[in-house]
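Numbering (my numbering), first residue to last: 215 to 407. Built from N, CA and C at the ideal position, the CB exists for glycine as well. Here is the structure we will look at.
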């Protein structure tokens, strides 16, 4: 707004001249540093990607076709990452398997210990020296203090058989029939005399 006569003069927006170090475009025209990566139709598209890795920069600069180098680097890197991921997955599966095997072994050991303890308890109940079922049955059938013990039954049967045999022998020896051997000897002696 200067000048005479009320006319507007057009002055440049920038009031100072361009500096020698200010060679870049205006701020509004500077593209944002965001890269765009898309996967479409089995292909990878990368726009405005900036790589700051010095090794990658040096090798790309040494090549005749830097674009081909970038494609090869991505392909090789992807294969290496894929192998590393497979190795990581394998290690994870192996560790999970070992953990599950250890846990299963521990559970099996605990169950086996429980079964062994229960078996010991049942064996003690059945065969224990003082209170076991077998010890009580043996004491009942073979103990001296038991009237129903086998040896007492055998003795009772033998006593009964011996008594019966004595009675039969007494009857035989005291009878006047020819079944009595003494009577037969007496009769034959009397015939001879």
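What is the rounded straight-line gap between the Cα of residue i and the Cα of residue j?
i, j, result
"residue 403", "residue 383", "22 Å"
"residue 392", "residue 398", "6 Å"
"residue 375", "residue 328", "55 Å"
"residue 347", "residue 365", "20 Å"
"residue 396", "residue 370", "31 Å"
"residue 310", "residue 326", "24 Å"
"residue 301", "residue 312", "16 Å"
"residue 303", "residue 318", "22 Å"
"residue 378", "residue 368", "15 Å"
"residue 385", "residue 405", "25 Å"
"residue 306", "residue 295", "16 Å"
"residue 280", "residue 308", "41 Å"
"residue 372", "residue 380", "12 Å"
"residue 269", "residue 287", "11 Å"
"residue 278", "residue 285", "13 Å"
"residue 332", "residue 339", "10 Å"
"residue 389", "residue 357", "43 Å"
"residue 334", "residue 322", "18 Å"
"residue 359", "residue 337", "26 Å"
According to DSSP, what are the bridge partners of residue i?
i, result
"residue 261", "250"
Is the beta carbon of residue i less than 9 Å from the beta carbon of residue j?
i, j, result
"residue 251", "residue 260", "yes"
"residue 188", "residue 258", "What the structure shows of the chain is the stretch from 215 to 407, and residue 188 is not part of that stretch, so it cannot be assessed."
"residue 343", "residue 355", "no"
"residue 349", "residue 341", "yes"
"residue 274", "residue 283", "yes"
(request) For the stretch 328-364, list the alpha helix (DSSP H) runs that are entirely contained and at least 4 residues long, ordered along the chain. (result) Restricting attention to alpha helix (DSSP H) runs no shorter than 4 residues, the stretch 328-364 encloses them at 347-356, ordered along the chain.
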